[in-house]
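Visitor: In this note's numbering, the protein residues as written are 93 to 729.
Below: one structure in structure tokens.
And the structure:
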């Protein structure tokens, strides 16, 4: 069942048809012409839907919306939350309109019907400071239900960077470490600022959907047999063989993205606001040794060895969620709240990430923003008294020994915590400007502080220090935390894994386009069927067959149609891929050619300068457009 909930009039209507969750979002956004409205208009519909394959890893919840950061069509995924949604009997949901008062939306399966209700949260909001407090509040009210909650934090109320948080509830208790986020693009900000919804709580019971569950169980058994026949191995063995990075890799002695990523990123690990092109390789390697000692070794000792592993909320043997001291640890949030900020101690990073999470931020976006502000304070373009924090330690020469590293990590961590709170609550004018995101904030700061820029010995614009990918005239988003050339190209959607994000390589432009197209097709397909990307290894060879068996649909044609629908949507709102604005990003690409061993392009850049960089990006986007059958060529206006 698919429904559209009008939260203004407190009613819903059903929509007939079978939709994949991303295709549902594209269908709704086109039907209601949401490109005509700004991101915080009540007609910027937010949709979510669950996976379609009854396989392990098939229960992701996929959100779509027009992003207040990227400014175009965007989607974000949350692990496990689709598992509980199926007990409501719902497949897809869309939210339109705006509640008169800040509210919790309650969706309940009541026998054969869906019942919706609203809880007035206006008075609660007056003292709302912590997303985990709201999580506890909801548990008190609904603890006896088999529920899942989707929650917005203070950052979603006051900034463009709000995420949606959810934690698994089991036997009336919150399951430690089993939490997930739909983080990218400002999805939480849209839910609250466009619709006045502070959270969504949904639940049902197995008795209400007995027949559906019976059919699903029969289909799941059939798909399991297909997997076993293809691999000639037991189902669980197949899954564990293909997911050892995320569970436990005996070769590396660690598990999860945090433990394994740092082992191969080495000196390409983002540090000090992406200043890697200016820091000699041997010095970067010294910092990497500290990352292994003070982050990875402690993580292994406190999370891996005691087997503090759990799932995202669906039955899954991978147990990719690693936690310690009550805190879930993943690579990107801890990278953005750690080494990127000049913090090389996991205990200092804990405080930063936990604060960012408790405020309901997209951890990647917030950490990247703080890194940018840290450098602006370091070079003097922003003043401590206006920002509200002291200058960070951002001079690598001040990280001489172990004592310096731990002391500076603690100090920078305290500043990051304070700045996150300033931005989340808009405590001062600078905090409110920064809450817009790097690109939008840069435009204001460039005008306001022209004099400082004229006297600067380095870059001549605030955005030259920022690392973001631009979209159209106003949009921009932080890339994922890898020094990967594909992360910086203004593709149709950035900030997710819809690109070739391998660090440490510099492909030819047409090859980068080809590899990126492979990624967008695979990743958008996975999200459109609601399958966890950690399961892509075992599922990829069988994907077409499994989807055909389950839905009768040709997933390849659906994927290409979906990509074209997103492109058309973005064109209708005036979106285009602009040339890269940030000097830091240009340096990451140009420096990457030499660093990663492409002598030909390194020589081109050295001799011909920026003109050759424009040619490189243009050629990437030309080939990207050709391969996808769309017109997403670089606009240099």
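Ideal placement from N, C-alpha and C gives every residue a C-beta, glycine not left out.
Inspect the beta-carbon positions of residue 413 and residue 270 and report whether they are closer than 7 Å.
Guide: Within the chain shown, numbered from 1, the residue matching residue 413 stands at position 321. Within the chain shown, numbered from 1, the residue matching residue 270 stands at position 178. Yes, the Cβ-Cβ distance between residue 413 and residue 270 is below 7 Å.
Visitor: Can you tell me where the alpha helix (DSSP H) holding residue 642 begins and where it ends?
Guide: Translated into the one-based positions of the chain shown, residue 642 becomes position 550. Element bounds for residue 642: 635-643.
Visitor: I'd like the list of long-range same chain contacts for residue 443, defined as Cβ closer than 7 Å, with 5 residues on each side in sequence excluded.
Guide: The residue labelled residue 443 in the question sits at position 351 within the chain shown. Excluding positions up to five away in sequence, the list reads 505 and 509.
Visitor: What number of angstroms, rounded off, separates the C-alpha of residue 295 from the C-alpha of residue 97?
Guide: Working through the chain shown from its first residue, we reach residue 295 at position 203. Working through the chain shown from its first residue, we reach residue 97 at position 5. Taking the straight line from one Cα to the other gives about 16 Å.
Visitor: In its own chain, which residues sit with a C-beta less than 6 Å from the C-beta of residue 430, not counting the 5 before and 5 after it?
Guide: Here the question's residue 430 lines up with position 338 in the chain shown. Excluding sequence neighbours, residue 430 sits near 441.
Visitor: Under a three-way DSSP split, which group does residue 497 fall into?
Guide: Taking the chain shown and counting its residues from 1, one reaches residue 497 at position 405. Here residue 497 sits in helix by DSSP.
Visitor: Helix, strand or coil: which one does DSSP assign to residue 170?
Guide: Mapped onto the chain shown, residue 170 falls at position 78. Strand at residue 170.
Visitor: Between the alpha carbons of residue 648 and residue 704, how many angstroms are there, rounded?
Guide: Here residue 648 refers to the residue found at position 556 of the chain shown. Here residue 704 refers to the residue found at position 612 of the chain shown. Rounded to the nearest angstrom, the two C-alpha atoms are 35 Å apart.
Visitor: Between which two residues does the beta strand (DSSP E) holding residue 98 run?
Guide: Residue 98 sits at position 6 when you count from the first residue of the chain shown. Segment 94-98, the beta strand (DSSP E) holding residue 98.
Visitor: List in chain order: all unbroken alpha helix (DSSP H) runs of 4+ residues lying wholly within the segment 262-323.
Guide: Runs found: 279-287 and 302-323.
Visitor: What does the Cβ neighbour count give for residue 374, buried or exposed, with the cut at 16 atoms within 10 Å?
Guide: For the purposes of this step, residue 374 is taken as the residue at position 282 of the chain shown. So residue 374 counts as exposed.
Visitor: Can you tell me the Cα-Cα spacing of residue 400 and residue 416, whole angstroms?
Guide: Mapped onto the chain shown, residue 400 falls at position 308. Mapped onto the chain shown, residue 416 falls at position 324. Those two C-alpha atoms are separated by around 7 Å.
Visitor: Rounded to a whole number of angstroms, what is the C-alpha to C-alpha distance between residue 656 and residue 721?
Guide: For the purposes of this step, residue 656 is taken as residue 564 along the chain shown, with counting starting at 1. For the purposes of this step, residue 721 is taken as residue 629 along the chain shown, with counting starting at 1. Taking the straight line from one Cα to the other gives about 8 Å.
Visitor: Could you check if residue 272 is buried or exposed, using at least 16 other CB atoms within 10 Å of its CB as the buried criterion?
Guide: Looking up residue 272 in the chain shown gives position 180. With 16 or more Cβ atoms within 10 Å of its Cβ, residue 272 is classed as buried.
Visitor: Quick one: grab the DSSP three-state call for residue 600.
Guide: Position 508 of the chain shown, counted from the first residue, corresponds to residue 600. In the structure shown, residue 600 sits in coil (DSSP, three-state: anything other than H, G, I, E or B).
Visitor: So the candidates are 437, 365, 398 and 407; which of them puts its Cα closest to the Cα of residue 388?
Guide: Mapped onto the chain shown, residue 388 falls at position 296. Answer by Cα proximity: 437.
Visitor: What would DSSP say about residue 255, mapped onto helix, strand or coil?
Guide: By one-based count along the chain shown, residue 255 stands at place 163. Reduced to three states, the DSSP call for residue 255 is coil.
Visitor: Taking C-alpha atoms, which residue in 516, 672 and 520 lies nearest to residue 281?
Guide: By one-based count along the chain shown, residue 281 stands at place 189. Measuring from the Cα of residue 281, the nearest candidate turns out to be 516.
Visitor: Go to residue 471, then tell me how far its alpha helix (DSSP H) extends in each direction, as first and last residue.
Guide: As a first step, residue 471 must be located in the chain shown, where it is residue number 379. Note, residue 471: alpha helix (DSSP H), 455-471.
Visitor: Can you list, in chain order, the residues of its chain whose CB lies under 6 Å from that of residue 379, leaving out five sequence neighbours each side?
Guide: As a working note, residue 379 is residue 287 in the chain shown. Hits under 6 Å: 363.
Visitor: Confirm, please, whether the CB-CB distance from residue 129 to residue 285 is below 7 Å.
Guide: Translated into the one-based positions of the chain shown, residue 285 becomes position 193. Translated into the one-based positions of the chain shown, residue 129 becomes position 37. No, the pair does not count as a contact, with Cβ atoms beyond the cut-off.
Visitor: Should the segment 455-464 be called in touch with the segment 217-236, which here means at least 3 C-beta pairs below 8 Å?
Guide: Not touching, per the Cβ criterion.
Visitor: Tell me the DSSP secondary structure of residue 626 in three-state form.
Guide: In the chain shown, counting from the first residue as 1, residue 626 sits at position 534. Correct three-state label for residue 626: helix.
Visitor: In terms of residue numbering, what span does the alpha helix (DSSP H) encompassing residue 704 cover?
Guide: Residue 704 sits at position 612 when you count from the first residue of the chain shown. 702-720 is the extent of the alpha helix (DSSP H) around residue 704.
Visitor: Take residue 237 and list the residues in its own chain whose beta-carbon comes closer than 7 Å to its own, dropping the five residues that flank it on each side.
Guide: Stepping through the chain shown from its first residue, residue 237 is reached at position 145. The answer, listed in chain order, is 295.
Visitor: Going by DSSP in three states, residue 210 sits in which element: helix, strand or coil?
Guide: Counting from 1 along the chain shown, the entry for residue 210 is found at position 118. Note: residue 210 maps to strand in three-state DSSP.
Visitor: Counting pairs of beta carbons, one from the segment 585-596 and one from the segment 558-569, are three or more of them closer than 8 Å?
Guide: With a cut-off of 8 Å, the segment 558-569 and the segment 585-596 count as touching, because enough Cβ pairs lie within range.
Visitor: Given a threshold of 16 other Cβ atoms within 10 Å of its Cβ, counted over all protein chains shown, does residue 328 qualify as buried or as exposed?
Guide: For the purposes of this step, residue 328 is identified with residue 236 of the chain shown, where counting begins at 1. Counting Cβ neighbours within 10 Å, residue 328 comes out exposed, since fewer than 16 surround it.
Visitor: Quick one: using the 10 Å Cβ neighbour count with 16 as the cut-off for buried, is residue 377 buried or exposed?
Guide: On the chain shown, residue 377 is found 285 positions in, with the first residue counted as 1. It counts as exposed.
Visitor: Could you name the residues of the same chain whose beta carbon sits closer than 7 Å to that of residue 167, not counting the 5 residues immediately before and after it, in chain order?
Guide: For the purposes of this step, residue 167 is taken as residue 75 along the chain shown, with counting starting at 1. Cβ neighbours of residue 167 beyond the five flanking positions: 114, 117, 154, 155, 156 and 619.
Visitor: According to DSSP, which residues form a beta bridge with residue 242?
Guide: Translated into the one-based positions of the chain shown, residue 242 becomes position 150. Answer is 292.
Visitor: Go ahead and pull the three-state DSSP assignment for residue 103.
Guide: Counting from one through the chain shown, the residue named residue 103 turns up at place 11. Correct three-state label for residue 103: strand.
Visitor: Taking only beta-carbon positions, decide if residue 258 is within less than 7 Å of chain B.
Guide: The chain labelled as chain B is not found in the depicted structure, where only one protein chain is given.
Visitor: My output table needs one value for residue 146: the three-state DSSP class, helix, strand or coil.
Guide: Translated into the one-based positions of the chain shown, residue 146 becomes position 54. Reduced to three states, the DSSP call for residue 146 is coil.
Visitor: Under three-state DSSP, which class holds residue 659?
Guide: For the purposes of this step, residue 659 is identified with residue 567 of the chain shown, where counting begins at 1. Residue state, collapsed to three classes: helix.
Visitor: With a threshold of 6 Å on Cβ separation, who are the neighbours of residue 581 within its own chain once the five nearest residues in sequence on each side are excluded?
Guide: Taking the chain shown and counting its residues from 1, one reaches residue 581 at position 489. Excluding residues within five positions, the ones whose Cβ falls inside 6 Å are 712.
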